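Quick note: the sequence shown uses the working numbering, first residue 93, plus one each step.
Every residue gets a Cβ at the ideal spot worked out from N, C-alpha and C, and that includes glycine.
Here the structure is a predicted model, which means the values were calculated and not measured.
A short worksheet on the structure shown next.
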Amino acid sequence: MSTPQTAPPRARSGPTPLLLLLLAFVCTLEGYDTACFGVTVPSLLADHSLGLDTGTAGNIGSYTSMGGILGAALAANGVR
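And the structure:
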């Protein structure tokens, strides 16, 4: 009786440095728009010519999160 030949196990390679750099860059930019909006809201609210109140500013801040969710869903759909 003979033993069937099997392929030798392949060595696992880790992520390339370029991929790690790209992922670090994306993680750095994640949430940057929301942070910038949060910093500028007091100035926007102080300018009464815009007619912006706190409720509207909150809605605008929420739209950025919804846009992120929608973008992720569309990107996931495009990958398939």
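7 angstroms Cβ cutoff met for residue i and residue j
i	j	result
Thr126	Thr156	yes
Secondary structure of residue i, DSSP reduced to three states
i	result
Ser105	coil
Pro100	coil
Gly130	helix
Gly143	coil
Ser94	coil
Gly123	coil
Whole-angstrom C-beta distance between residue j and residue i, which should lie under 8 angstroms
i	j	result
Leu136	Ala116	Rounded, the Cβ-Cβ distance is 31 angstroms, inconsistent with contact.
Pick from the options that is closest to residue i, judged by C-alpha positions
i	options	result
Met133	Ala167, Ile152, Gly123 and Gly170	One point to set straight first is that residue 133 is Val, not Met, in the sequence displayed. Considering only alpha carbons, the answer is Ile152.
Phe129	Ser141, Val118 and Thr146	Thr146
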